[in-house]
Amino acid sequence: MPLPTTYLFETDEHAALRTQIRKFAERAIAPHVAEWDEANEFPRRLHEEAAAAGLVGISYPEAYGGAGGDLTHGIVSAESLVLYGRSVGTASGLGSHAIALPLILKLGTEEQKQRFVPKVLRGEHIAALAITEPGAGSDVAGITTRAVRDGDHYVLNGSKMFITSGCRADIVVAAVRTDANAAQRHLGLSLIVIERGTPGFSAGRKLRKTGWWASDTAELAFEDCRVPVQNRLGEEGSGFFA
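Taking the numbering used here, I'd label the letters of the sequence shown as residues 1389 to 1630.
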């Protein structure tokens, strides 16, 4: 097995982290990757096992159940999971919270952070980010999924595509269009957290891919899906700039 890259920022702490992750990945991931690739997902319990091993909370604040550390620790963690677990798909699925939780931590209220983040870092919940749509990928300003204010709720209609961990996510941070008449397209977008089990929210078929098979990828649908306004992250219309 080739040695991983040694970065200029690395300290003895980073080296110890590599050893910790190597032991976990070689025991809990590598022996099962063929089986998980064929199933197009890995068991949910792996999230809890990874959390118990101290891996899920790396580089997240201790105040919300994280293990502390910074971006450099996150880089070492992600690289080591791939190298020693031998499955990019598994590493991607285990790490889908890394593109969802930062938005909650950056824009969320204290109540939102306490409500959503600790359960994910404990491995109890799975978090996903939903940006891409059938007609809008890298052109984020082209998002068409609508969220219309109705009292204390938004009513969502639209769909998302190619969402990592979308099949099993307990919370989805989604970009939606809250102002269809904004002077510029990017000014009308907001971020909102949709919780599993919300009426009108569903995960469709599990998508087949050419690689990363162990990472479940889904098409999401919103049909008159009512989400509390209190689940919006930040100010309305601030989503594009997050």
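The C-beta atom is built at its ideal place from N, Cα and C for all residues, glycine as well.
It should be emphasised that the depicted structure is a prediction, and the values quoted were computed from it without experimental measurement.
- In the three-state reduction of the DSSP assignment, G1546 falls in the strand class.
- Rounded to the nearest angstrom, the Cβ distance from S1553 to S1468 is 20 Å, too far for a contact under 8 Å.
- Per DSSP, T1460 lies in no beta strand (DSSP E); the unbroken alpha helix (DSSP H) holding it starts and ends at 1459-1473.
- Here the alpha carbons of T1520 and S1526 stand approximately 8 Å from one another.
- Within the segment 1487-1541, the complete alpha helix (DSSP H) segments of 4 residues or longer fall at 1489-1495, 1498-1509, listed in chain order.
- Inclusion of E1426 and W1601 in the CB contact set at 9 Å is warranted, their separation being smaller than that value.
- If you look at K1411, you'll find it isn't in any beta strand (DSSP E); it sits in the alpha helix (DSSP H) that goes 1400-1416.
- In the displayed model, R1614 falls within a strand according to three-state DSSP.
- Looking only at R1584, T1566, R1410, A1557, the smallest Cα-Cα distance to V1464 is reached by R1410.
- Taking 8 Å as the upper bound for CB-CB distance, A1529 and H1574 are in contact here, some 4 Å apart.
- Residue state for E1423 is assigned as helix, using DSSP reduced to three classes.
- Scanning its chain for C-beta atoms nearer than 7 Å, with the 5 sequence neighbours on each side dropped, one finds around P1522 the residues S1547, M1549, in chain order.
- Across the set G1477, V1617, V1508, L1471, the C-alpha of V1617 shows the shortest separation from the C-alpha of I1580.
- Using a 10 angstroms sphere on the CB of N1619, the tally of other CB atoms reaches 16 or more, which defines it as buried.
- Annotation: the continuous beta strand (DSSP E) that includes A1563 extends over 1559-1565.
- DSSP lists V1561 as the bridge partner or partners of V1581.
- In terms of Cα proximity to A1418, the closest of E1401, R1433, A1404, Y1472 is Y1472.
- Its chain contains R1510, G1511 as the residues whose beta carbon lies nearer than 6 Å to that of A1439, once the 5 sequence neighbours on both sides are disregarded; these appear in chain order.
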